[in-house]
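Inspection log for the structure reproduced underneath, given as structure tokens.
Numbering (the UniProt record's numbering), first residue to last: 1 to 262.
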């Protein structure tokens with residue numbers, strides 16, 4: 001049966017960030033994820049997790065200058081030292097917060113002429129990150145992201161993500177399967193889930209095309225979630241969507257799942 005994690009970057013924006021943990025727990029969530037924790041001390045976030053009896057499922061490594069438009073630095077030449085420091089920072093936080101998965105963002109392609117060189121650097125940086133994370137018992141995740149929401153992002157397709165994992169060859173490097181991104185870029189989700197489930201480290205959901213609650217739009221989530229169960233996935237399902245209105249008011253879709261889990 002699916003286990004859901006609230007994405008506190010997109011959900012519960014009615015509350016200040018540190019207050020979102022308790023709000024998610026009151027609504028029945030047992031785990032949370034978000035993009036970045038670094039504006040707050042790890043110990044302070046850990047106190048919020050423990051106070052709400054929540055599991056930390058996932059967060060991203062530092063992405064560079066997010067407010068200036070950067071979307072990861074793993075493929076950016078000249079940022080090698082910064083990248084290594086970013087992995088150290090992410091692992092320090094993970095060791096306090098208790099999550100065993102960190103998403104490392106690839107970054108934007110400077111030009112088509114630079115794509116191959118950036119991909120090569122990306123692979124080298126993932127080799128480094130996977131080695132460092134393995135020492136802490138942590139998985140590194142990479143995520144194909146659609147070109148509509150994030151134009152120029154280096155990694156867009158599931159098959160390319162799995163090819164990179166195979167090239168790196170680290171058992172703790174896995175793919176983050178976001179149903180929303182995959183549907184926009186490729187579709188055919190069921191075939192890809194069946195093909196790749198053994199290397200999928202985390203799954204996220206949202207309605208398509210608006211990225212609202214997963215209760216309308218192009219995807220039949222009850223069917224897909226049943227398939228994910230059938231395939232033996234037992235990790236968290238990240239709810240990475242923008243509520244149409246209030247977060248709690250829009251949770252009618254998930255309450256039957258919470259009731260079934262008791």
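Note that the Cβ used here is the ideal one computed from N, Cα and C, for glycine as well. Everything numeric in this text was worked out from a predicted model, so none of it was measured.
Taking residue 223 as reference, the option from 121, 25 and 189 with the minimal CA-CA separation is 189.
Per DSSP, residue 202 is one residue of the beta strand (DSSP E) stretching across 200-205.
For residue 55, the enclosing beta strand (DSSP E) stretches over residues 55-60. In this structure, residue 257 lies away from residue 214, with their beta-carbon atoms at least 8 Å apart. Beta-bridge partners of residue 95 (DSSP): none assigned. In the DSSP annotation of this structure, residue 208 is not part of any alpha helix (DSSP H), being labelled neither H nor E. In this structure, residue 99 places its C-beta atom within 8 Å of the C-beta atom of residue 57.
Contact between the segment 175-183 and the segment 199-217 is present, with at least three C-beta pairs closer than 8 Å. Linking residue 249 to residue 165 through their CA atoms gives a straight-line distance of about 39 Å.
Under the three-state reduction of DSSP, residue 8 is assigned to coil, being neither helix nor strand. Its chain contains 8 and 12 as the residues whose beta carbon lies nearer than 6 Å to that of residue 20, once the 5 sequence neighbours on both sides are disregarded; these appear in chain order.
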